[in-house]
Amino acid sequence: MERTISFTLNGKPASVKVDDERMLLWVLRSDLGLTGTKFGCGEALCGACTVIVDKQAVRSCSTPVKDVAGKQIMTIEGLGQNGLHAIQQAFLEHHAFQCGYCTPGMILTAYALLLKTPKPTHDEIIRHMDDNLCRCGAHVRIVDAIQDAAGTAKGGAL
Amino acid sequence: MNQHELNQLDVNLSRRGFFAAAGAGLFVFFGVNRVNAYQEPARLPQRQNMPSDLNAYLRIGADGRVTCFSGKVELGQGCTTSLAQLLAEELDVEYNSVDMVLGDTDLCPYDMGTFGSMCIPMFAPALRAAAAEARAVLLQMAAEQLQAPVERLQVKAGVVTDPSTPAKRITYAQLVEGKRIERHLANVPLKPVAKFTVAAHPAARKDALDKVTGKGKYAADFAFPGLLHGRVVRPPAHGAKLLSADTSAAEKFGARVVRDGDLLAVLHERPDLADRALGLVKAQFDPPPPTVDDKTIFDHLLKTAPPSRPVGAKGDLAAGEKVSTTIVEETYLNSYVAHAPIETHSATANIENGKVTVWVSTQAPFSVKPQVAQALGFTPQNVRIIAPYVGGGFGGKSAGPQAVEAARLAKATGKPVQVVWNRAEEFFYDTFRPAAVVKIRAGLTSAGKIALWDFNVVGAGEREADSFYDIPNKRALSAGGWQGGNPPGMHPFGVGPWRAPSVNTNSFARESHMDILAAKAGIDPLEFRLNHLSDARLRRVLEAAAKQFGWKAAKAPSGRGVGVACGVYSGACSATMAEVSVNKTTGHVQVKRMVSALDVGWAVNPDGMRQQMEGCLTMGLGYTLTEEVHFKDGEVLDRNFGSYELPRFSWLPKIETILIDNPGAAALGGGEPPIITVGAVVANAIYDAVGARMLQLPMTPERVAEALKKKA
Chain A
80 MERTISFTLN GKPASVKVDD ERMLLWVLRS DLGLTGTKFG CGEALCGACT VIVDKQAVRS
140 CSTPVKDVAG KQIMTIEGLG QNGLHAIQQA FLEHHAFQCG YCTPGMILTA YALLLKTPKP
200 THDEIIRHMD DNLCRCGAHV RIVDAIQDAA GTAKGGAL
Chain B
4 MNQHELNQLD VNLSRRGFFA AAGAGLFVFF GVNRVNAYQE PARLPQRQNM PSDLNAYLRI
64 GADGRVTCFS GKVELGQGCT TSLAQLLAEE LDVEYNSVDM VLGDTDLCPY DMGTFGSMCI
124 PMFAPALRAA AAEARAVLLQ MAAEQLQAPV ERLQVKAGVV TDPSTPAKRI TYAQLVEGKR
184 IERHLANVPL KPVAKFTVAA HPAARKDALD KVTGKGKYAA DFAFPGLLHG RVVRPPAHGA
244 KLLSADTSAA EKFGARVVRD GDLLAVLHER PDLADRALGL VKAQFDPPPP TVDDKTIFDH
304 LLKTAPPSRP VGAKGDLAAG EKVSTTIVEE TYLNSYVAHA PIETHSATAN IENGKVTVWV
364 STQAPFSVKP QVAQALGFTP QNVRIIAPYV GGGFGGKSAG PQAVEAARLA KATGKPVQVV
424 WNRAEEFFYD TFRPAAVVKI RAGLTSAGKI ALWDFNVVGA GEREADSFYD IPNKRALSAG
484 GWQGGNPPGM HPFGVGPWRA PSVNTNSFAR ESHMDILAAK AGIDPLEFRL NHLSDARLRR
544 VLEAAAKQFG WKAAKAPSGR GVGVACGVYS GACSATMAEV SVNKTTGHVQ VKRMVSALDV
604 GWAVNPDGMR QQMEGCLTMG LGYTLTEEVH FKDGEVLDRN FGSYELPRFS WLPKIETILI
664 DNPGAAALGG GEPPIITVGA VVANAIYDAV GARMLQLPMT PERVAEALKK KA
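Residue numbers (the working numbering), protein chains in the order written: chain A, 80 to 237; chain B, 4 to 715.
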């Protein structure tokens with residue numbers, strides 16, 4: 080059904096008049112021009128399309144836009160609007176990426192973890208990140224970066 | 004015009020166009036034909052048809068920034084960073100003042116493509132020489148300006164000074180300002196690697212900020228007013244022919260439909276609605292005849308392969324047979340493996356004033372260009388191909404068929420068009436790493452020395468089929484492979500280069516067989532290898548890995564679950580040791596630790612090299628443990644990551660990387676070498692753990708459990 084859906088996007092009010100069954104990924108990328116959120120599989124199997132909805136990491140490729148009405152959405156463009164976020168800084172310093180295509184999804188998945196668990200153990204990081212795929216094999220550095228960010232985030236920084 | 008003529012025309016046009024467009028500054032042009040002077044010939048990879056014309060431009064602008072234009076592509080391997088380091092080093096400018104412009108056919112000179120770990124060995128020497136020459140030209144000009152002998156001048160961060168007269172200083176920017184300088188100096192010496200301060204040291208990646216902020220653009224991130232998203236009607240199986248298609252429902256939905264010869268596509272201004280429209284097309288296909296599936300493929304390969312060609316021989320096999328007291332014969336198998344980059348094939352095409360520009364995820368923009376030109380009937384100068392950041396290649400983006408699709412649809416609709424393959428298309432049209440069968444027959448003397456080695460590979464290709472071990476009587480045969488020369492129908496779909504083509508297959512077989520022989524001889528597998536190895540660099544990587552790993556000699560199976568494997572790729576030497584645990588009930592294998600040593604001569608960016616090593620070891624676990632393409636009668640049954648499982652965080656072993664420093668040798672690429680060791684090192688560690696020899700990749704839990712059952 081085509082209707083107007085309103086939500087908060089990266090801290091600012093936004094609304095789109097769309098078929099409300101459409102997936103958030105395409106509304107973000109095509110209707111709203113936010114291309115930092117990536118398409119990888121279309122079936123919530125890779126995590127490249129991860130965004131934050133009300134502090135949870137969700138797969139935007141499989142989230143109908145009607146489900147986010149009235150909610151707070153954050154994409155990679157919204158993280159670190161005032162300078163790099165601690166997780167971005169850690170990914171940058173650890174070179175926790177290669178091709179960079181899965182990186183926005185990795186960073187936002189890690190962001191949701193640190194919101195919930197500011198000092199995750201190694202095993203908690205592995206478990207939380209396990210459904211995000213990286214083909215280049217940057218995994219070891221991604222884990223290091225998240226641990227580093229958790230150490231330097233100092234609680235309130237998130 | 005053939006492809007070569009098109010390319011030549013292209014080179015000349017782009018050179019002229021570049022001069023016209025680039026204005027003032029110091030330009031240095033160089034080609035890869037300078038390479039040989041700076042290489043150690045024995046280690047130079049054998050490559051045919053490398054272009055000998057211009058390979059990059061180097062510009063020092065009046066603003067002091069240095070720009071390097073190269074047809075190479077940033078796939079994540081880090082060439083944006085390593086090439087900039089080399090340039091900064093030889094030119095004596097700040098690393099941060101170097102800008103790289105890559106993969107743009109209008110701005111960069113011809114480049115064959117980004118593959119085979121070739122950026123560093125083929126391109127870096129030429130780049131260094133060009134930068135050194137530019138520095139010498141600038142110093143000569145500075146000497147004239149400052150009226151000081153050139154020998155006395157020093158240069159740091161692009162500022163030339165005369166130490167005897169501190170007031171005498173001039174910057175590169177001042178030297179080139181407003182002028183077009185074309186000077187040539189022959190035989191300018193390069194800096195010795197030992198004196199390097201920028202290259203051969205870890206550097207911050209130039210693509211980091213773009214990638215952690217999501218601002219970096221990939222081919223599907225370009226948008227234009229009126230952009231349409233094209234979805235092509237695909238057959239359900241390779242070989243299926245389109246009989247009829249009813250597109251009326253898609254049109255009613257609001258999609259545009261294009262029929263252009265063999266191309267049938269629906270287009271919509273929203274990508275997901277284009278998907279929906281595609282689902283409304285009722286297409287009838289003629290089912291292809293039954294062919295092969297993932298179980299029958301190995302017999303099929305043996306039946307359909309072309310005659311084997313000798314690719315290496317030494318001594319006399321019959322003589323080797325005679326002195327052998329033990330003969331070991333085994334057959335090693337591996338299935339088709341997909342590239343599966345997270346970014347699927349993507350392209351955005353825009354036609355303006357008779358010129359098409361296509362942003363495309365490809366490793367070879369200059370190969371895509373003539374294809375687009377031909378498909379549209381455009382002259383090459385009216386085609387511009389840009390490879391922006393590419394979301395993983397691994398050999399799978401060596402062509403760019405999606406660019407042709409997007410360009411044809413843009414021409415047909417008169418609108419900019421984006422084509423992004425979905426995951427099922429990515430699997431279906433992938434050019435897989437070929438399935439292969441390797442038979443090895445080897446003989447041991449009573450003294451535990453290999454006297455006979457007969458290696459026969461079918462399907463994978465010949466690279467590294469010939470063993471580097473010291474064996475008096477040996478032969479290597481190869482039939483078919485990833486590079487073509489396969490009879491029609493041998494491989495039921497496209498095959499092509501996959502990170503370290505041929506060499507994953509051949510190394511898995513060779514290194515597994517070495518372990519079997521070691522066990523038969525009752526000798527520790529590391530010692531057994533060293534007993535047959537006079538190559539100093541291979542010995543050194545093995546010894547370095549063993550030291551770090553804490554390898555303790557024992558006859559396998561020792562129950563500890565440790566393994567070793569080594570190999571050579573494009574001249575680089577790699578050795579890996581691993582520790583695994585095997586669940587004897589489920590057959591599940593967990594790799595706990597990997598120690599890998601690599602000799603690439605010297606690494607331009609040691610941290611970047613470690614990134615590549617870690618990537619190789621992690622990605623390699625996929626082809627080793629889970630990755631195989633399931634198919635039947637031309638239909639690719641894997642359509643997404645549910646059935647085709649990539650390595651995950653929970654698989655991660657502890658990874659330790661060792662870089663062998665060999666500054667006197669040529670710098671080689673490292674994006675591929677360590678991956679070649681992964682299949683065998685894990686197979687050998689599994690054998691050491693549980694005494695079951697795995698002969699087929701991937702070593703899925705089912706296959707491991709079956710091997711354990713068979714052994715019991």
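Cβ coordinates follow ideal geometry from the N, Cα and C atoms, glycine included.
Residues of chain A with a Cβ closer than 7 Å to the Cβ of LYS214/B are, in chain order, PHE176, GLY179 and THR182. For CYS213/A, the three-state secondary structure derived from DSSP is coil. Around the CB of GLU631/B, 16 or more other CB atoms lie within 10 Å, so the residue is classed as buried. Under DSSP, the beta-bridge partners assigned to TRP456/B are ALA445/B and LYS477/B. At the C-beta level, ASN353/B and PHE227/B come within 8 Å of one another. Contact of SER401/B with chain A by beta-carbon distance below 8 Å is absent, the smallest such distance being about 16 Å. The alpha-carbon of VAL681/B is positioned some 10 Å away from that of ASN687/B. Among the bridge pairs identified by DSSP, VAL592/B is matched with VAL585/B.
Looking at ALA139/B, LEU105/B and PHE397/B, the one whose alpha-carbon comes closest to that of PRO676/B is PHE397/B. DSSP places ASN665/B in no alpha helix (DSSP H); its state is neither H nor E.
Setting aside the 5 residues that flank it on each side, ASN459/B is surrounded in the same chain by LYS442 and LEU480, each with a C-beta closer than 6 Å to its C-beta; the list follows chain order. Taking C-beta separations shorter than 7 Å and ignoring five residues to either side along the sequence, the partners of GLY357/B in its chain run ASN385, following chain order. Residue burial is scored here from C-beta neighbours: MET622/B has at least 16 other C-beta atoms within 10 angstroms and is therefore classed as buried. At a C-beta separation below 7 Å, ILE661/B has no neighbours in chain A, since its nearest C-beta there lies roughly 15 Å away. Here ASP289/B is exposed. Its C-beta has fewer than 16 other C-beta atoms within 10 Å.
Selection PRO292/B, VAL331/B and GLY233/B evaluated against SER349/B yields GLY233/B as nearest (Cα-Cα). LEU113/A and VAL130/A have their C-alpha atoms roughly 11 Å apart. A direct Cα-Cα distance of roughly 18 Å separates VAL594/B from ASN507/B. Here the alpha carbons of ARG62/B and ASP109/B stand approximately 15 Å from one another. One thing to note: LEU193/A has its Cβ no nearer than 8 Å to the Cβ of ILE152/A. Here the stretch 168 to 175 of chain A does not lie against the stretch 132 to 150 of chain A, with fewer than 3 beta-carbon pairs under 8 Å apart. Not a single C-beta of chain B is nearer than 8 Å to the C-beta of ILE225/A. Less than 8 Å divides the Cβ of ALA277/B from the Cβ of LEU270/B. Bounds of the alpha helix (DSSP H) holding THR627/B are 609 to 628. Think of a sphere of 8 Å around the beta carbon of GLN150/B: no beta carbon from chain A falls inside it, the nearest being about 46 Å out.
For ARG513/B, the enclosing alpha helix (DSSP H) covers residues 506 to 524.
If the five residues before and after SER167/B are omitted, its C-beta is found closer than 7 Å to the C-beta atoms of ARG155, all from its own chain and listed in chain order. Within chain B, the residues placing a beta-carbon under 9 Å from that of GLU156/A are THR216, GLY217 and LYS218, ordered along the chain. Under the DSSP assignment, ALA248/B falls in the beta strand (DSSP E) whose first and last residues are 244 to 249. Beta-bridge annotation (DSSP): ILE205/A is not paired with any residue. When beta bridges are read from the DSSP output, GLU659/B appears opposite VAL598/B. In this structure, ALA606/B lies near LEU662/B, with their beta-carbon atoms less than 8 Å apart. The Cβ atoms of ARG411/B and LEU455/B lie no closer than 8 Å to each other. Scanning chain A for C-beta atoms nearer than 9 Å to the C-beta of ALA211/B yields PHE170, LEU171, GLU172, HIS174, PHE176 and GLY179, reported in chain order.
Nearest to LYS452/B by alpha-carbon distance, out of VAL420/B, LEU281/B, VAL326/B and PRO344/B, is VAL326/B. At a cut-off of 8 Å between beta-carbon atoms, MET622/B makes contact with chain A.
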